[in-house]
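**Student:**
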Amino acid sequence: MEASQIKQIFTRTYNKESDSLFRYCYLRVHDREKAIDIVQDIFAELWKKMNGGETIKNERAYLFTLAHNRIIDWYRKKKSESLDALLENDEGERPFDHPDERSETDIILSSEAKSVLKEIDNLEPVYREVLYLRFVEDLSPQEIAMILKITPNTASVRITRGIEKLREKFHTQNK
Amino acid sequence: MNKGINDIKNINLTHSEKTRILNNIVEMPIVSPYAPKQSIWNFAFNKFAYVTSILLIVAMTGGTLAYADEYSLPGDMLYPIKRNITEPMHSILANTPSARAEWEATKAMRRLSEAELLAKRNDLTPEKKTKIEKDFKNSVAAFRASLQSISTSTGRSEELGASFEESMKNRTDIIQRISSGDKLEENDIELENESENRASTSQKESRDERGESREGDDR
Numbered sequence: 035m036e037a038s039q040i041k042q043i044f045t046r047t048y049n050k051e052s053d054s055l056f057r058y059c060y061l062r063v064h065d066r067e068k069a070i071d072i073v074q075d076i077f078a079e080l081w082k083k084m085n086g087g088e089t090i091k092n093e094r095a096y097l098f099t100l101a102h103n104r105i106i107d108w109y110r111k112k113k114s115e116s117l118d119a120l121l122e123n124d125e126g127e128r129p130f131d132h133p134d135e136r137s138e139t140d141i142i143l144s145s146e147a148k149s150v151l152k153e154i155d156n157l158e159p160v161y162r163e164v165l166y167l168r169f170v171e172d173l174s175p176q177e178i179a180m181i182l183k184i185t186p187n188t189a190s191v192r193i194t195r196g197i198e199k200l201r202e203k204f205h206t207q208n209k
Numbered sequence: 005m006n007k008g009i010n011d012i013k014n015i016n017l018t019h020s021e022k023t024r025i026l027n028n029i030v031e032m033p034i035v036s037p038y039a040p041k042q043s044i045w046n047f048a049f050n051k052f053a054y055v056t057s058i059l060l061i062v063a064m065t066g067g068t069l070a071y072a073d074e075y076s077l078p079g080d081m082l083y084p085i086k087r088n089i090t091e092p093m094h095s096i097l098a099n100t101p102s103a104r105a106e107w108e109a110t111k112a113m114r115r116l117s118e119a120e121l122l123a124k125r126n127d128l129t130p131e132k133k134t135k136i137e138k139d140f141k142n143s144v145a146a147f148r149a150s151l152q153s154i155s156t157s158t159g160r161s162e163e164l165g166a167s168f169e170e171s172m173k174n175r176t177d178i179i180q181r182i183s184s185g186d187k188l189e190e191n192d193i194e195l196e197n198e199s200e201n202r203a204s205t206s207q208k209e210s211r212d213e214r215g216e217s218r219e220g221d222d223r
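Protein sequences, first through last, are from chains A and B.
The working numbering runs 34 ahead of the 1-based position in the first sequence.
The working numbering runs 4 ahead of the 1-based position in the second sequence.
1. Tell me whether B:P130 is buried or exposed, calling it buried when 16 or more other Cβ atoms sit within 10 Å of its Cβ.
2. Hey, how far is the Cα of B:K86 from the Cα of B:A109?
3. Establish whether the CB of B:L26 and some CB of chain A are separated by less than 8 Å.
4. Grab the span of the alpha helix (DSSP H) containing A:R57 for me, first residue to last.
5. Since I believe A:L157 is in contact with A:K183 (beta carbons under 8 Å), could you give me their beta-carbon distance rounded to a whole number of angstroms?
6. I want to verify the contact list: residues of chain B whose CB lies under 7 Å from the CB of A:L173, in sequence order.
7. For A:I142, which of B:K7, B:M5 and B:I15 has the nearest alpha-carbon?
8. So B:E21 contacts chain A; which residues on that side make the cut at Cβ distance below 7 Å?
9. In angstroms, rounded to a whole number, what distance separates the CA positions of B:K7 and B:M93?
10. Just the chain A side, please: which residues come within less than 8 Å of B:M16 by C-beta, in chain order?
11. Starting from the Cα of B:V30, find the closest Cα among B:F168, B:S153 and B:A166 and give me that residue.
12. Can you tell me whether B:T90 is buried or exposed? The criterion is at least 16 other CB atoms within 10 Å of its CB, across all chains shown.
13. Using 8 Å as the threshold, is the C-beta distance between A:A95 and A:E163 below it?
14. Is the separation between the beta-carbon of B:R160 and that of B:S143 shorter than 8 Å?
15. What residue from A:E88, A:L55 and A:A37 has the CA that sits closest to A:E171's CA?
16. Compare the beta carbon distance of A:H102 and A:I181 with 8 Å and say whether it is the shorter of the two.
17. Using the beta-carbon of each residue, which ones in chain B are nearer than 8 Å to A:W81?
18. Counting C-beta neighbours from all protein chains within 10 Å, is the total for B:A166 16 or more, i.e. buried, or is it exposed?
19. Which chain A residues are close to B:I12, counting only those with a beta carbon under 8 Å from its beta carbon?
20. Look at B:S76 and B:A105 and say whether their C-beta atoms are less than 8 Å apart.
21. From the beta carbon of B:G8, is the nearest beta carbon of chain A less than 8 Å away?
22. Specify, as a first and last residue, the run of the alpha helix (DSSP H) that B:V144 falls within.
23. Label B:L60 either buried or exposed according to how many other C-beta atoms from any shown protein chain fall within 10 Å of its C-beta, with 16 as the threshold for buried.
24. Below 8 Å on C-beta distance, what does B:M113 contact in chain A?
25. Please check if any C-beta of chain A sits within less than 8 Å of the C-beta of B:L195.
26. For A:K183, does the three-state DSSP call read helix, strand or coil?
27. Which residues in chain B have a C-beta closer than 7 Å to the C-beta of A:Y218? List them in chain order.
28. Along the chain, where does the alpha helix (DSSP H) that runs through B:S76 open and close?
29. On the CB-based measure, 16 or more other CB atoms within 10 Å of its CB, does A:G196 come out buried or exposed?
30. Using 8 Å as the threshold, is the C-beta distance between A:D53 and B:L82 below it?
31. What is the C-beta distance between A:P175 and A:I154, in whole angstroms, given that I count them as a contact (C-beta under 8 Å)?
32. If the cut is a Cβ gap below 7 Å, which residues of chain A does B:M5 touch?
33. Which term fits A:Q39, buried or exposed, when burial requires 16 or more other beta carbons within 10 angstroms of its beta carbon?
34. Would you mind giving the Cβ-Cβ distance between B:P78 and B:K132, rounded to the nearest angstrom? I have them listed as a contact below 8 Å.
35. Quick check on this structure: which residue in A:K152, A:W108, A:L80 and A:L165 has the alpha carbon closest to the alpha carbon of A:I43?
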């Protein structure tokens, strides 16, 4: 493959996936510039792989896996919580951002968006990320399984149970 | 719930952020395995070989030549060495966006100093003026492009931008006089050099302070 072809394919993937990855990172690191840095880092990794002649079967799952790992690395570096706490919390699964008070540079979320993130966050850690990836980023159970290093069957079970729990919460809330 | 999900999906990168990230990535120096193999005769064009050769020459000549050409002006015998060897070498060694921006700002200021000195000597011919103006504009453009690549979370980009603006402000009067073709006197240059020294001293002090605060943070 020629360099121009690689660039063309890379740009297409970048344009398609960069917003999803930014959103995924932003909602977890709560800092726009940091999220941008992580997104740049992830795509730089893909760029190197493509230029190194490697073929990636599922680029979307690959990019989200990198994002997932980078976010865990970021939390570890941040040292706001101990590594033990990270491991206790289901192997590094982090809550999604839904604060009410935001700084001026941050994105302002609607009350409905905050409510969804809050309810997802209130779920048990095993359901949080699968539900976010399934319903916000529209990833398939197979892709989610690749990202979280679980079996597709486990991912499907978690999605189904997570939906049930989420329904219960919204149902209770609307009563 | 669907509205909430749709609202979350509206969290996106801005167009300029998207373009900035893409440009930063595709400009990364990566050698593709599909790129044609270079022959041994391409040694002269190899970046590493280029720097090594220059360092060797500089070491062999005791650095005298490199030192002397730093003070050369357009039209001088050593000026091509300054523009085509020592300055590109600096550019190669400035391998971070911040270092690149700093170096391009220095280069832009060098061009202005050259124009000032030539104007003082009454040797700023239209050809030399056009060439210096072109080089100056290129350096300013490269400086601005490098600033875009610096992560905004560090505040370094704003700092470098402010420092450059300050240096330019100090030279406004001289630039205007050169543009209008006025003859410069000896003390004009001294005055400008003095203000430039003051600017670089304050920049150094701010760097030292930053270094101290970083050390403090590390502790």
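Just so it is clear, CB atoms sit at the ideal spot from N, CA and C, and this is done for glycine as well.
From a predicted model like this one, the values you see are computed outputs, not experimental measurements.
**Tutor:** Short version:
1. Numbered from 1 along the second sequence, position 126 holds the residue referred to as residue 130 of chain B. The residue in question, B:P130, is exposed, as its Cβ has fewer than 16 Cβ neighbours within 10 Å.
2. Here the question's residue 86 of chain B lines up with position 82 in the second sequence. Here the question's residue 109 of chain B lines up with position 105 in the second sequence. Between B:K86 and B:A109, the C-alpha separation is close to 16 Å.
3. Stepping through the second sequence from its first residue, residue 26 of chain B is reached at position 22. Contact of B:L26 with chain A is assigned, a C-beta pair being separated by under 8 Å.
4. Along the first sequence, one-based indexing puts residue 57 of chain A at 23. That run of the alpha helix (DSSP H) goes A37 to V63.
5. Within the first sequence, the letter at position 149 stands for residue 183 of chain A. Within the first sequence, the letter at position 123 stands for residue 157 of chain A. Taking the Cβ atoms as the reference, A:K183 lies roughly 20 Å from A:L157, outside the contact range of under 8 Å.
6. Numbered from its first residue, the first sequence carries residue 173 of chain A at position 139. Within chain B, no residue comes near A:L173; the closest Cβ sits about 13 Å away, beyond 7 Å.
7. Your numbering for residue 142 of chain A matches position 108 in the first sequence. Minimum Cα distance to A:I142 is reached at B:I15.
8. In the second sequence, residue 21 of chain B corresponds to position 17, counting from 1. Identification of chain A residues near B:E21 by a Cβ-Cβ cut-off of 7 Å yields I70, ordered along the chain.
9. The sequence position of residue 7 of chain B within the second sequence is 3, counting from 1. The sequence position of residue 93 of chain B within the second sequence is 89, counting from 1. Pairing B:K7 with B:M93, the inter-Cα distance amounts to about 56 Å.
10. Mapped onto the second sequence, residue 16 of chain B falls at position 12. Note on identity: in this sequence residue 16 of chain B is Asn, with Met being the wrong assignment. In chain order: D53, F56 and R57.
11. The residue given as residue 30 of chain B occupies position 26 in the second sequence. Closest option to B:V30, judged by alpha-carbon separation, among B:F168, B:S153 and B:A166: B:S153.
12. Here residue 90 of chain B is taken as the residue at index 86 of the second sequence, counted from 1. With at least 16 other beta carbons inside 10 angstroms of its own, B:T90 counts as buried.
13. Residue numbering aside, residue 95 of chain A sits at position 61 when the first sequence is read from its first letter. Residue numbering aside, residue 163 of chain A sits at position 129 when the first sequence is read from its first letter. Not closer than 8 Å, so no.
14. By one-based count along the second sequence, residue 160 of chain B stands at place 156. By one-based count along the second sequence, residue 143 of chain B stands at place 139. In this structure, B:S143 does not lie closer than 8 Å to B:R160 by Cβ.
15. Position 137 of the first sequence, counted from the first residue, corresponds to residue 171 of chain A. Ranking A:E88, A:L55 and A:A37 by Cα distance to A:E171 puts A:L55 first.
16. Stepping through the first sequence from its first residue, residue 102 of chain A is reached at position 68. Stepping through the first sequence from its first residue, residue 181 of chain A is reached at position 147. The Cβ-Cβ distance between A:H102 and A:I181 falls below 8 Å.
17. The residue given as residue 81 of chain A occupies position 47 in the first sequence. Ordered by position in chain B, the residues that pass the 8 Å Cβ test against A:W81 are I29, V30, M32 and I34.
18. Locating residue 166 of chain B in the second sequence gives position 162, counting from the first residue. By the 10 Å Cβ count, B:A166 comes out exposed.
19. Working through the second sequence from its first residue, we reach residue 12 of chain B at position 8. Under the 8 Å cutoff, chain A gives R57, L61, L143, A147, V150, L151 and V170.
20. By 1-based counting over the second sequence, the position of residue 76 of chain B is 72. By 1-based counting over the second sequence, the position of residue 105 of chain B is 101. No, they are not a contact pair.
21. Residue 8 of chain B sits at position 4 when you count from the first residue of the second sequence. Output row for B:G8: interface = yes.
22. In the second sequence, counting from the first residue as 1, residue 144 of chain B sits at position 140. It spans P130 to S153 - the alpha helix (DSSP H) in which B:V144 sits, taken as one unbroken run.
23. If you number the second sequence from 1, residue 60 of chain B lands on position 56. It counts as exposed.
24. Position 109 of the second sequence, counted from the start, is the residue given in the question as residue 113 of chain B. One finds nothing in chain A with a Cβ atom closer than 8 Å to the Cβ of B:M113; even the nearest lies about 29 Å away.
25. For the purposes of this step, residue 195 of chain B is taken as the residue at position 191 of the second sequence. Any reading at B:L195 must be qualified, since the residue scores a pLDDT of 44, below 50, and its modelled position is unreliable; the value itself is stated next. Cβ-Cβ to chain A under 8 Å: no for B:L195.
26. Position 149 of the first sequence holds residue 183 of chain A. Residue state, collapsed to three classes: coil.
27. The structure shown has nothing for residue 218 of chain A, since chain A only spans 35 to 209.
28. What you label residue 76 of chain B is simply residue 72 of the second sequence in a count that begins at 1. For B:S76, no alpha helix (DSSP H) encloses it, and the DSSP letter there is neither H nor E.
29. Reading the first sequence from its first residue, position 162 is the one you call residue 196 of chain A. With 16 or more Cβ atoms within 10 Å of its Cβ, A:G196 is classed as buried.
30. Within the first sequence, the letter at position 19 stands for residue 53 of chain A. Within the second sequence, the letter at position 78 stands for residue 82 of chain B. Taking the C-beta atoms as reference points, B:L82 is found no nearer than 8 Å to A:D53.
31. For the purposes of this step, residue 175 of chain A is taken as the residue at position 141 of the first sequence. For the purposes of this step, residue 154 of chain A is taken as the residue at position 120 of the first sequence. The C-beta separation of A:P175 from A:I154 comes to about 17 Å, leaving the pair out of contact by the 8 Å criterion.
32. For the purposes of this step, residue 5 of chain B is identified with residue 1 of the second sequence, where counting begins at 1. The contacting residues are V150 and F204.
33. Taking the first sequence and counting its residues from 1, the one referred to as residue 39 of chain A is at position 5. If you draw a 10 Å sphere on the C-beta of A:Q39, you find fewer than 16 other C-beta atoms in it, and that means exposed.
34. Position 74 of the second sequence holds residue 78 of chain B. Position 128 of the second sequence holds residue 132 of chain B. About 5 Å separates the CB atoms of B:P78 and B:K132; that is less than 8 Å, so the two are in contact.
35. Locating residue 43 of chain A in the first sequence gives position 9, where the first residue counts as 1. That would be A:L80, whose Cα lies nearest to the Cα of A:I43.
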